[in-house]
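*Asks:* Each residue of the sequence shown is one higher than the last, beginning at 0 in numbering that gives the first Met the number 0.
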Amino acid sequence: MHGSFLKDIALVLGVAALTSTITYKFRLPSVLGYLIAGFIIGPYIPIPLFADPHRVESLSEFGVILVMFSIGMEFSLAKFFRVLPTSGVTAALEVGAMFMVGISLGYVFEWTTTQSIFMGGALAISSTMIVSKVFEEHHPKEKTREHVLGVLVIQDVVAILLLTVLGAFAASNQLSFASLVPTVTKLIFILALLTIAGLFIVPKFIKYVSALKNTEVLIIVATGLCFVLALIVENLGYSVALGAFLAGILVAESGEGSKIEHLAKPLKDVFVAIFFVSVGMTVDPLVAITVLPQSVLVSVVVVVSQFFIVFMGSILSGTGLSRALFSSLALGQIGEFSFIIAAIGAGAGMVSKEFQAIIVTVAILTSLLTPLLWRHSELIVNKVSQKLPNQFRIAIGLYEAWFRRLRENKLQDGKLLGVPKRVIIGLFFDSVLLILIPPLFFNFLPPILNKVGVPSGTLWES
Numbered sequence: 000m001h002g003s004f005l006k007d008i009a010l011v012l013g014v015a016a017l018t019s020t021i022t023y024k025f026r027l028p029s030v031l032g033y034l035i036a037g038f039i040i041g042p043y044i045p046i047p048l049f050a051d052p053h054r055v056e057s058l059s060e061f062g063v064i065l066v067m068f069s070i071g072m073e074f075s076l077a078k079f080f081r082v083l084p085t086s087g088v089t090a091a092l093e094v095g096a097m098f099m100v101g102i103s104l105g106y107v108f109e110w111t112t113t114q115s116i117f118m119g120g121a122l123a124i125s126s127t128m129i130v131s132k133v134f135e136e137h138h139p140k141e142k143t144r145e146h147v148l149g150v151l152v153i154q155d156v157v158a159i160l161l162l163t164v165l166g167a168f169a170a171s172n173q174l175s176f177a178s179l180v181p182t183v184t185k186l187i188f189i190l191a192l193l194t195i196a197g198l199f200i201v202p203k204f205i206k207y208v209s210a211l212k213n214t215e216v217l218i219i220v221a222t223g224l225c226f227v228l229a230l231i232v233e234n235l236g237y238s239v240a241l242g243a244f245l246a247g248i249l250v251a252e253s254g255e256g257s258k259i260e261h262l263a264k265p266l267k268d269v270f271v272a273i274f275f276v277s278v279g280m281t282v283d284p285l286v287a288i289t290v291l292p293q294s295v296l297v298s299v300v301v302v303v304s305q306f307f308i309v310f311m312g313s314i315l316s317g318t319g320l321s322r323a324l325f326s327s328l329a330l331g332q333i334g335e336f337s338f339i340i341a342a343i344g345a346g347a348g349m350v351s352k353e354f355q356a357i358i359v360t361v362a363i364l365t366s367l368l369t370p371l372l373w374r375h376s377e378l379i380v381n382k383v384s385q386k387l388p389n390q391f392r393i394a395i396g397l398y399e400a401w402f403r404r405l406r407e408n409k410l411q412d413g414k415l416l417g418v419p420k421r422v423i424i425g426l427f428f429d430s431v432l433l434i435l436i437p438p439l440f441f442n443f444l445p446p447i448l449n450k451v452g453v454p455s456g457t458l459w460e461s
């Protein structure tokens with residue numbers, strides 16, 4: 000092995016081991032330790048520990064692939080359709096509204112349209128990794144857990160589509176409805192083709208390999224499938240993350256997903272660490288300090304906006320007051336998808352170093368705040384519930400009871416093309432939300448901001 004390449008791996012994993020041990024000792028997220036390791040071995044701090052960012056970035060792509068493969072294995076089509084009628088409303092409202100919140104912040108910061116769009120994408124998706132870790136340490140009630148994880152499952156699907164659209168945007172340097180329609184149409188066609196073909200082949204093949212009772216062969220086959228599908232999708236012009244996620248879904252349909260995920264976890268953990276270290280290496284600590292006021296502002300906006308948006312979405316989903324409040328506290332952060340979106344923008348030269356520093360800092364601050372809020376969630380929920388007017392609480396209770404009866408009463412027609420009608424209605428409602436929010440935003444926000452003295456020209460400049 001080339002000496003400098005070996006040195007890079009030794010530096011990345013050695014420093015990450017040290018920093019993650021320290022953060023774990025203080026009960027902080029391991030991701031924070033990896034990002035700090037990236038600061039230390041990056042090109043911006045004048046100490047004699049320096050890894051080549053290009054080689055580390057190449058290695059970090061394995062981390063993206065394995066993370067998306069793992070998320071795909073935790074996903075199932077049956078689970079997706081089960082949670083869609085309730086969690087789908089919350090997820091659609093959250094993603095759409097937070098995307099617009101991100102663009103609005105870009106507008107306020109007087110960024111270009113391009114950078115504002117990437118900000119919207121980076122703020123639109125909560126972190127499955129952080130929420131899962133918090134739930135492992137502090138177990139929520141089962142219904143709250145089901146609702147929150149249902150929202151995250153749907154968010155993951157939307158995030159994959161978002162990565163694909165932003166990747167196409169980065170490649171063509173233009174984003175319009177005219178260019179978006181063929182991109183999305185082609186994407187849906189390719190996804191449908193690969194999924195249908197894969198469902199006929201992959202689950203049966205994985206079951207056959209699993210029946211051999213050789214875990215070594217099983218993990219090699221599954222990982223090989225992941226990278227092959229990632230390569231195929233990349234050659235079709237889309238993100239490797241999409242191919243890896245699809246591979247995970249196909250493997251999960253074999254019924255062996257949890258077993259393979261357990262076998263792949265050590266490999267995934269190593270390359271995930273390298274991915275987060277590479278993210279830390281892109282951030283100049285001096286720039287991060289310079290933009291700290293903006294980062295704090297964005298963090299506050301993310302936490303507060305997520306709280307109110309998730310609360311409203313959960314109430315509309317018929318979850319009830321308590322579950323809506325708990326869900327709002329759990330989802331107030333950004334994470335792994337935000338880093339991937341920022342990396343796409345940086346790779347295309349579409350976002351600045353200040354943008355990357357803000358995203359990383361916001362992710363750190365919100366990932367630190369989420370466990371803290373969750374540890375005190377019972378107290379917060381009780382306090383908020385007591386402050387709400389009785390009429391409001393009664394109205395929410397009545398709506399919850401009505402919505403529960405609606406779910407329990409099967410519709411007369413039963414199913415449409417083999418799919419429950421409530422799922423069709425849920426898909427329609429979620430699609431309407433996602434389609435209507437952007438045009439409403441672009442039509443109504445500029446006049447409002449002009450009235451309060453915010454310049455209107457900056458955001459719309461390419």
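All C-beta atoms in this analysis are idealised placements derived from N, C-alpha and C, irrespective of residue type, glycine included.
Note that the structure is a prediction, hence the values are computed from the model and not measured.
V14 and V55 - do their beta-carbons sit closer together than 8 Å?
*Replies:* no
*Asks:* Hey, out of G120, A91, R26, F4, whose CA is closest to G105's CA?
*Replies:* For the residues G120, A91, R26, F4, the minimum Cα distance to G105 belongs to G120.
*Asks:* Of all the options V201, F275, K206, I231, which has the alpha carbon lying nearest to the alpha carbon of F38?
*Replies:* F275
*Asks:* Using a Cβ-Cβ cutoff of less than 8 Å, which residues in the same chain neighbour V418 once the five nearest sequence positions on both sides are dropped?
*Replies:* Legend: pLDDT at V418 = 48, less than 50; position of this residue unreliable, value from coordinates given subsequently. Around V418: F80.
*Asks:* Between the Cα of S3 and those of L328, F61, D51, S125, spot the shortest distance and give me the residue it belongs to.
*Replies:* D51
*Asks:* Nearest to A263 by CA position, among A329, K24, L397, S69, is which residue?
*Replies:* S69
*Asks:* Keeping to the same chain, check which residues put their C-beta closer than 7 Å to that of I434; ignore five residues upstream and five downstream.
*Replies:* Because the pLDDT of I434 is 48, which lies under 50, any placement of that residue in the model is unreliable, and the number read from its coordinates should be weighed accordingly. Leaving aside the five residues that flank I434 on each side, none in its chain has a CB nearer than 7 Å to its CB.
*Asks:* Distance check for M72 and T182, CA to CA, integer angstroms please.
*Replies:* 26 Å
*Asks:* Leaving aside the five residues before and after P202 along the sequence, list all residues of the same chain whose C-beta is less than 6 Å from its C-beta, in chain order.
*Replies:* E252, S253
*Asks:* In whole angstroms, what is the alpha-carbon distance linking W459 and A394?
*Replies:* Residue confidence for W459 is low, a pLDDT of 42 falling below 50, so the modelled location carries little weight; the figure read from the coordinates is stated next. Cα to Cα, the separation comes out at about 42 Å.
*Asks:* Beta carbon of L367, beta carbon of L34: below 8 Å?
*Replies:* By the CB criterion at 8 Å, L367 and L34 fall outside the cutoff.
*Asks:* Is I187 closer than 8 Å to I218 when the C-beta atoms are compared?
*Replies:* no
*Asks:* From N234 to I363, what distance separates their C-alpha atoms?
*Replies:* 34 Å
*Asks:* Taking just the CA atoms, how far does F226 sit from T163?
*Replies:* 17 Å
*Asks:* Pull up the distance between the alpha-carbon of V88 and that of I40, whole angstroms please.
*Replies:* Near 43 Å, if we compare the C-alpha coordinates of I40 and V88.
*Asks:* Give the single residue among I124, S59, T20 whose Cα lies nearest to the Cα of L266.
*Replies:* S59
*Asks:* Tell me whether the stretch 341-348 and the stretch 107-125 touch, counting them as touching only if at least three CB pairs, one residue from each stretch, are closer than 8 Å.
*Replies:* Contact holds: three or more Cβ-Cβ distances are below 8 Å.
*Asks:* Can you check which of these residues, A356, A246, Y237, is closest to T289 by C-alpha distance?
*Replies:* A356 is the residue among A356, A246, Y237 whose C-alpha sits nearest the C-alpha of T289.
*Asks:* Are at least three pairs of beta-carbons, each pair with one atom in the stretch 60-67 and one in the stretch 291-308, less than 8 Å apart?
*Replies:* no
*Asks:* Does the stretch 14-23 touch the stretch 240-252, meaning 3 or more C-beta pairs lie closer than 8 Å?
*Replies:* The stretch 14-23 and the stretch 240-252 do not touch, with fewer than three beta-carbon pairs separated by less than 8 Å.
*Asks:* Is the separation between the beta-carbon of A90 and that of I189 shorter than 8 Å?
*Replies:* no
*Asks:* Report the start-end ranges of each alpha helix (DSSP H) in the stretch 269-338 that is 4 residues or longer and not cut off at the edges.
*Replies:* 284-289, 291-315, 320-329
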